[in-house]
Structure formats: structure tokens, C-alpha cells
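Let me begin by presenting the structure, written as C-alpha cells, before commenting on it.
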Amino acid sequence: MNAFIWLIDTLLDLYMWCIIISAVLSWLNYGGIINPSNRFVYLVGDFLYRITEPTLRIVRRWIPNLGGIDISPVIVILVIAFFRKLLWDNFGPY
17 MNAFIWLIDT LLDLYMWCII ISAVLSWLNY GGIINPSNRF VYLVGDFLYR ITEPTLRIVR
77 RWIPNLGGID ISPVIVILVI AFFRKLLWDN FGPY
């Protein structure tokens, strides 16, 4: 059971890092610091967009736009952190 809980926790942690990296990459892209026409940057950005956008889209439906600032990654990260804490408190090792 502990291995299964560890696996779920690790997957949630990886997904949280994907959201963070995707947000930072979008800021760097918007600021002109990285070149989105670079093949590697494009592939990484596209991969991160494809795995994070379905979750972020759900949050964006319910949270209003705050003057051009997208807080959906912050909300998703907080929800993931809550579920990780809940997971370890209820099913973690005693």
C-alpha cells in the first residue's frame, strides 16, 4: 500500500513541477528571452502545454480573468498540495 501511495504522490509532484515549468516557460517566451522557433524549446513547450492545459482549462472556466494575470496554475498547485497532504495524512506510513 505504501508503494502505491508513494507512486501517486510522485506523479502528483511531477505534475506540479510540469505546471511550474510551463508557467516559467510561458513567461520567458512572452518576454522574448527564449526563442520559440527553436525546435527543442518548441517541443518542450508543446509537451508541457498538452499535459497541463486540460487541468488549467477547467480552473479557467470558474476563475475570472484578473486583468491579464492567469492564476489558474497557482490554484491547481494549491489543490495538488492539498491532495498530497491529505493522501499522506490518511494513507501514509504510521
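In short: position in the sequence shown from 1, add 16, done, that's our numbering.
Beta carbons: idealized from backbone N, C-alpha and C, even for Gly.
**Asked** Going by beta carbon distance, what residues of the same chain come within less than 8 Å of Tyr-58, once the five residues before and after it are set aside?
**Response** Pro-52
**Asked** Going by other Cβ atoms of all chains shown within 10 Å of its Cβ, with 16 needed for buried, is Pro-111 buried or exposed?
**Response** With the chain represented from 17 up to 110, any question about residue 111 goes unanswered, as that position is not in the structure.
**Prompt:** Nearest to Tyr-16 by alpha carbon, out of Gly-47, Leu-72, Ala-19, Asn-54?
**Reply:** Examination of residue 16 is not possible in this model, given that the chain is present from 17 through 110 alone.
**Asked** If we count the other Cβ atoms within 10 Å of its Cβ and call it buried at 16 or more, is Gly-48 buried or exposed?
**Response** exposed
**Message:** Rounded to whole angstroms, what is the Cα-Cα separation between Asp-105 and Val-90?
**Reply:** 22 Å
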